[in-house]
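The structure appears right after this line, and notes come after that.
Number of protein chains: 2
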Amino acid sequence: MSRRNTKTQEAVLTLLREEQYAMSHEGITAKLEEPIDRVTIYRILNRFVEDGLVHRIVADDGRQYFASCAKNCAHDLAAHNHLHFRCTSCDRVECLQGPLGVELPAGYRADNYNIAVSGSCKECREE
Amino acid sequence: MSRRNTKTQEAVLTLLREEQYAMSHEGITAKLEEPIDRVTIYRILNRFVEDGLVHRIVADDGRQYFASCAKNCAHDLAAHNHLHFRCTSCDRVECLQGPLGVELPAGYRADNYNIAVSGSCKECREE
DNA sequence: ATTTTATTGCAACACTGTTGCATTATTTGA
DNA sequence: TCAAATAATGCAACAGTGTTGCAATAAAAT
Numbered sequence: 003m004s005r006r007n008t009k010t011q012e013a014v015l016t017l018l019r020e021e022q023y024a025m026s027h028e029g030i031t032a033k034l035e036e037p038i039d040r041v042t043i044y045r046i047l048n049r050f051v052e053d054g055l056v057h058r059i060v061a062d063d064g065r066q067y068f069a070s071c072a073k074n075c076a077h078d079l080a081a082h083n084h085l086h087f088r089c090t091s092c093d094r095v096e097c098l099q100g101p102l103g104v105e106l107p108a109g110y111r112a113d114n115y116n117i118a119v120s121g122s123c124k125e126c127r128e129e
Numbered sequence: 003m004s005r006r007n008t009k010t011q012e013a014v015l016t017l018l019r020e021e022q023y024a025m026s027h028e029g030i031t032a033k034l035e036e037p038i039d040r041v042t043i044y045r046i047l048n049r050f051v052e053d054g055l056v057h058r059i060v061a062d063d064g065r066q067y068f069a070s071c072a073k074n075c076a077h078d079l080a081a082h083n084h085l086h087f088r089c090t091s092c093d094r095v096e097c098l099q100g101p102l103g104v105e106l107p108a109g110y111r112a113d114n115y116n117i118a119v120s121g122s123c124k125e126c127r128e129e
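Protein chains in written order, with my numbering: chain A, 3 to 129; chain B, 3 to 129.
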């Protein structure tokens with residue numbers, strides 16, 4: 003199951019790398035110049051997550067957001083252990099600051115961290 | 003919009019209070035003796051959340067889970083600032099330990115904390 | 001007992017994300 | 001360079017979660 007290079011994948015990855023916010027499928031669709039099928043976008047994103055190029059955040063609106071991984075964070079669980087903030091006004095999701103001291107009780111194993119706080123971001127509050 | 007007492011609401015609240023895990027709509031339906039309409043359950047749960055009787059967790063499967071609030075946590079945002087763990091084997095969601103030191107950058111306001119970690123719980127790992 | 005209106009149940013919908021399958025396009029290797 | 005193998009795409013259809021509209025029901029208030 004080796005990967006192939008395609009324009010569509012390139013377009014999505016470039017978009018995610020340029021954007022400072024985590025993007026939902028909806029946001030990605032909106033920003034793409036050439037329209038790409040909804041299903042294809044989801045499949046591309048899932049592949050990126052599998053390959054560790056992108057990380058997946060489930061915000062507290064229950065939707066998936068995707069953000070380009072910082073370099074070398076591929077498959078590094080700890081690197082995904084940071085805070086995500088969703089602004090309920092502008093609906094942007096951003097990754098904030100470094101790792102949090104989230105500790106599980108003995109005997110538990112974490113496979114995925116999903117730390118999502120929602121509220122109003124600085125920009126929206128200043129308006 | 004004052005509230006009225008009904009058997010259905012009583013049944014759902016009792017269920018949530020007896021259960022040590024946070025429950026999804028699905029789980030609630032499964033445990034109810036008298037069947038209650040899906041829509042009604044959602045409406046009851048949303049009312050409970052509004053009234054601060056129950057808190058809502060969005061796990062990293064994107065689904066809503068509901069847990070009876072500890073006494074006096076009603077509308078107290080800080081009290082909801084704790085870790086939620088979803089076991090991907092037994093699919094149970096539990097509320098773990100005390101508040102976390104989640105700090106937002108200056109200018110941000112948090113309206114909702116949703117800290118969800120998934121993995122394997124102690125019980126499932128011991129099997 | 002009667003009125004008021006919160007609650008319920010049904011049908012229908014909106015939305016997110018996935019699966020199946022035929023078609024297209026990238027790789028690979030002769 | 002061309003042909004075969006197969007990854008990626010697009011369309012249709014589906015599954016699941018959660019919501020809204022509306023008529024029927026039932027709790028509370030008079």
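Cβ coordinates follow ideal geometry from the N, Cα and C atoms, glycine included. If you're wondering where the values come from, they're calculated on a predicted model, not measured in any experiment.
Spatial distance of residue i from residue j (CA atoms)
{"i": "residue 43 of chain B", "j": "residue 124 of chain B", "result": "31 Å"}
{"i": "residue 34 of chain A", "j": "residue 68 of chain B", "result": "37 Å"}
{"i": "residue 29 of chain A", "j": "residue 40 of chain A", "result": "12 Å"}
{"i": "residue 84 of chain A", "j": "residue 8 of chain B", "result": "43 Å"}
{"i": "residue 49 of chain A", "j": "residue 56 of chain A", "result": "9 Å"}
{"i": "residue 122 of chain B", "j": "residue 61 of chain B", "result": "14 Å"}
{"i": "residue 38 of chain B", "j": "residue 47 of chain B", "result": "12 Å"}
Minimum C-alpha distance to residue i - residue among the options
{"i": "residue 111 of chain B", "options": "A:126, A:48, A:41 and A:18", "result": "A:126"}
{"i": "residue 32 of chain A", "options": "A:51, A:17, A:6 and A:59", "result": "A:17"}
{"i": "residue 128 of chain A", "options": "B:109, B:60 and B:69", "result": "B:109"}
{"i": "residue 86 of chain B", "options": "A:117, A:45 and A:37", "result": "A:117"}
{"i": "residue 93 of chain A", "options": "A:23, A:55 and A:10", "result": "A:23"}
{"i": "residue 36 of chain B", "options": "B:21, B:12 and B:45", "result": "B:12"}
{"i": "residue 10 of chain B", "options": "B:4, B:21 and B:45", "result": "B:45"}
C-beta neighbour in chain B for residue i, strict 8 Å
{"i": "residue 55 of chain A", "result": "no"}
{"i": "residue 9 of chain A", "result": "no"}
{"i": "residue 91 of chain A", "result": "no"}
Beta carbon proximity, residue i to chain A, threshold 8 Å
{"i": "residue 16 of chain B", "result": "no"}
{"i": "residue 123 of chain B", "result": "yes"}
{"i": "residue 4 of chain B", "result": "no"}
Sub-8 Å separation of residue i and residue j beta-carbons
{"i": "residue 113 of chain B", "j": "residue 120 of chain A", "result": "yes"}
{"i": "residue 95 of chain B", "j": "residue 59 of chain B", "result": "yes"}
{"i": "residue 88 of chain A", "j": "residue 26 of chain A", "result": "no"}
{"i": "residue 6 of chain B", "j": "residue 70 of chain B", "result": "no"}
{"i": "residue 104 of chain A", "j": "residue 102 of chain B", "result": "yes"}
Quiz item: Of the residues that make up the region 94 to 117 of chain A, which ones have a beta carbon closer than 9 Å to any beta carbon in chain B?
Solution: 98, 99, 102, 103, 104, 105, 106, 107, 108, 109, 110, 111, 112, 113, 114, 115, 116 and 117
Quiz prompt | chain A contacts made by the region 26 to 51 of chain B, where a contact means CB separation under 8 Å | solution = none
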